[in-house]
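The working numbering puts the first residue of the sequence shown at 1305, with every later residue one more than the last. Notes follow once the structure below has been shown.
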Amino acid sequence: MTNKTLAPSGWPEAEREHWWAIQHAPLPGNPVAQGYGGAIATAINAVATRAGLEALKQGGSAMDAALTTALTQIVLGGGAVTSFFGILQLMHFDAEKGEASSMSASWNTVLGEDDPLTIPGERRGASSSITDMMALGEPSGRTALVGGFMRGLEEAHRRHGRLPFRRLFEPAIELAEEGFTVFGTLARYIELRKEDLSRLPATRSIFFKDDGTPYVTGDHFRQPQLAETLRRVAVEGADYMYTGAWAARCVAAIQADGGKMTHEDLARYRPIWSEPILIERNGRTLALPSGPCKGSINLVEALNLATAAGLTERPHWSSSGDSLVRIAKCCAVAGLSYATKEQLEAEFPGFDMSDEVRMTQGHADRLWERLDGPGMIHFQPIGTHSDDVVAIDAQGNMVSLCHSINCLIWGRTAINVDGISIGDSAAVQQPLVAATPRGGALPNPIELGLILKDDRPEIAWASMGMGLHYQSTMSVLNVVDHGMTIVEAVDAPRLLTPLQPDMKTREYTLRVVEGEYPESVLDETGLEVISVAQEDARFAQGLWVAIQRDTASGVLTAISPSYTNGQAAALD
């Protein structure tokens, strides 16, 4: 084991140039990575992949690699879609013990928030423009929730890390201190949110240059204040953010904007470890996050609906319009997660819509009867954030991880405390906040998991983006029911998040990526289907990453989507 830095300055020059070239390419492709000594894959930010690979090279565990990657991703993204005060969900398989575990470092609600339904903001339909979706209500500190990312990262490392905790921060600190050339995605985010980013002096000083203009592609972007914050956390641990000096400044900034968060909210935060949800399907075991993870419930319900819809016995949706409509209906039901108890009772009189029941096949069979015909979900007839990491080490330990700011690029408030962005995730989750006990863990929509074959870990996967539920449902079905490899699954035709003009009704218009489906299949649906150019699909697509281990030969195969700047890497 060597003690050289995990940061880019310690990589061979040719490798630095290679990985930065991928980072700056909007669509660099997704070459398959294979090896025996460990692997890692990301949905976005290829340089972060290389940082995680370095952790594996220097004797780190799969958890070390995944956490190093996650820290680096946030710095590269400027805290826009992921944050050090965001949320973290992961699954881990301990190869020595043969055990899978689930950890949730989701949002906690604020103890002093006594009227959540009046928190500024609103949910808007998927047909809204990105500009409209970003302008949700007036900026307010009440939209901030207690993020668990750093507490979760520290806990995950304590249980399953091998490298010293401080070393995981080396790439993130160097990139924040020394800076990097602004790439296209970050520049677009800054341009879209520039008015909000200029609202507060602390945020403006980060994203605007000395001449008062925002950073653009090609500029050199540094975050020295963030580098200092990360140094403190690397030495003092997560306490610096939850009980120390940063915590005090965070509470002050949120309260200055009208928020009700206090020191107690931060000090009492703890991530939740739990036994995973285990689902048997077609000779494999799906291990999914439990605890406050609504995404697992959505996924299990969709898989059961696929069974009720007879999708396994029918032609694949890439070649059948009928199957495409059926899988779209199975996926669209996830919108029920955002409904209030009163709305569910009105739409489903006599139905038990509790989380436990939603994960049963009997529930799916009854629900499909409502969906297969005139039901509560309608598709228009013809005529009308976050980031993923999956990792495996040479010992066979697996990690599937997703982390997010859970709001649209920085959020309307764009509060920044010593380089760390504070999002406005409560601005679109008021009913869910109201249904959660004060100071309790807010259920999150993350979907990720492990797939075991004969009780041995075979695949680690994670899904992100606005279309994460559609992508994870289709990808898991492709692998488990249709016998695809992860390489075939990641390149298979997909559905984007459908258009939903009115969030109060379940009227949808299907959307697909241009050229992925034959026109004959789209015509066969009898529905309006909007084909979206790949470059315009950013805020509608799901991004799925996975690593597959051949349980016989031990060969590792890692993949990332072809339509982002993420990348996969493996060690020989």
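Just so it is clear, CB atoms sit at the ideal spot from N, CA and C, and this is done for glycine as well.
Residue nearest to D1876 in terms of C-alpha spacing, selected from E1317, L1310, A1343: In the sequence shown, the residue the question calls residue 1876 occupies position 572. Check the Cα spacing between D1876 and each of E1317, L1310, A1343: the tightest is with A1343.
Cutoff 6 Å; reference G1314; Cβ partners in own chain excluding five residues on either side: As a working mapping, residue 1314 is identified with position 10 in the sequence shown. Correct list, in chain order: K1308.
Beta carbon of A1695 nearer than 7 Å to that of A1370: Along the sequence shown, read from residue 1 onward, the residue named residue 1695 stands at position 391. Along the sequence shown, read from residue 1 onward, the residue named residue 1370 stands at position 66. A Cβ-Cβ contact shorter than 7 Å links A1695 with A1370.
Simplified DSSP state of Y1812, which is helix, strand or coil: In the sequence shown, residue 1812 corresponds to position 508, counting from 1. Note: Y1812 maps to strand in three-state DSSP.
E1458, buried or exposed, once every other Cβ within 10 Å from all chains shown has been counted against 16: Counting from 1 along the sequence shown, the entry for residue 1458 is found at position 154. Buried, since its Cβ has 16 or more Cβ neighbours within 10 Å.
Opening and closing residue of the beta strand (DSSP E) in which T1833 lies: Walking along the sequence shown from the start, residue 1833 turns up at place 529. Reading off the sequence, residue 1833 comes out as Val, not Thr. Its beta strand (DSSP E) spans residues 1833-1836.
Spatial distance of Y1812 from G1639 (CA atoms): Residue mapping note: residue 1812 aligns to position 508 of the sequence shown, counting from 1. Residue mapping note: residue 1639 aligns to position 335 of the sequence shown, counting from 1. Rounded to whole angstroms, Y1812 and G1639 show a C-alpha spacing of 11 Å.
Span separating the alpha-carbon of P1619 from that of A1796: Looking up residue 1619 in the sequence shown gives position 315. Looking up residue 1796 in the sequence shown gives position 492. Rounded to whole angstroms, P1619 to A1796 spans 14 Å at the Cα level.
Opposing strand residues paired with T1422 [DSSP bridges]: Reading the sequence shown from its first residue, position 118 is the one you call residue 1422. Answer is none; T1422 lacks a bridge partner.
Backbone CA spacing between A1460 and S1405 [nearest angstrom]: Working through the sequence shown from its first residue, we reach residue 1460 at position 156. Working through the sequence shown from its first residue, we reach residue 1405 at position 101. The straight-line gap from Cα to Cα measures roughly 11 Å.
Residue(s) in a DSSP beta bridge with N1412: Counting from one through the sequence shown, the residue named residue 1412 turns up at place 108. DSSP lists V1450, A1745 as the beta-bridge partner residues of N1412.
Any chain C beta carbon closer than 7 Å to D1840: Of the chains in the structure shown, none is chain C; there is only one protein chain.
Rounded distance between the beta-carbons of S1704 and A1745, thought under 8 Å: Against the sequence shown, residue 1745 aligns to sequence position 441. Against the sequence shown, residue 1704 aligns to sequence position 400. That belief does not hold up - the Cβ atoms of A1745 and S1704 are roughly 20 Å apart, past 8 Å.
Selected residue, minimal CA-CA separation from E1579, among V1604, E1403, A1491: Sequence index remark: in the sequence shown, residue 1579 carries index 275 (1-based). It is E1403 whose Cα lies nearest to the Cα of E1579.
Alpha-carbon spacing of D1419 relative to V1520, whole angstroms: Position 115 of the sequence shown, counted from the start, is the residue given in the question as residue 1419. Position 216 of the sequence shown, counted from the start, is the residue given in the question as residue 1520. Rounded to whole angstroms, the separation of the alpha carbons of V1520 and D1419 is 40 Å.
Beta-bridge pairing of C1597 - partner residues as DSSP gives them: One-based indexing of the sequence shown puts residue 1597 at position 293. Answer by DSSP bridge pairing, in chain order: N1748.
7 Å Cβ cutoff met for S1725 and S1708: Counting from 1 along the sequence shown, the entry for residue 1725 is found at position 421. Counting from 1 along the sequence shown, the entry for residue 1708 is found at position 404. Taking 7 Å as the Cβ cut-off, S1725 and S1708 do not qualify as a contacting pair.
Cα-Cα separation, A1329 to P1475: In the sequence shown, residue 1329 corresponds to position 25, counting from 1. In the sequence shown, residue 1475 corresponds to position 171, counting from 1. Rounded to whole angstroms, the gap between the alpha carbons of A1329 and P1475 is 20 Å.
Cβ shell of L1615 (< 8 Å), same chain only, five flanking positions each side left out: Looking up residue 1615 in the sequence shown gives position 311. Cβ within range, chain order: W1621, S1627, R1630, I1631, C1634, L1781, D1785.
Nearest-angstrom Cβ-Cβ length linking L1472 and L1607, presumed shorter than 8 Å: On the sequence shown, position 168 is the one that residue 1472 refers to. On the sequence shown, position 303 is the one that residue 1607 refers to. The beta carbons of L1472 and L1607 sit about 34 Å from each other, so the pair does not count as a contact at 8 Å.
Cβ separation of V1450 and W1411, assumed to be a contact under 8 Å, to the nearest whole Å: For the purposes of this step, residue 1450 is identified with residue 146 of the sequence shown, where counting begins at 1. For the purposes of this step, residue 1411 is identified with residue 107 of the sequence shown, where counting begins at 1. That pair is a contact at about 6 Å.
Contiguous alpha helix (DSSP H) assignments of at least 4 residues, all confined to the segment 1560-1647: Entirely contained in the segment 1560-1647, the alpha helix (DSSP H) runs reaching 4 residues are, in chain order, 1567-1571, 1598-1612, 1625-1636.
D1656, DSSP secondary structure in three states: Along the sequence shown, one-based indexing puts residue 1656 at 352. Correct three-state label for D1656: coil.
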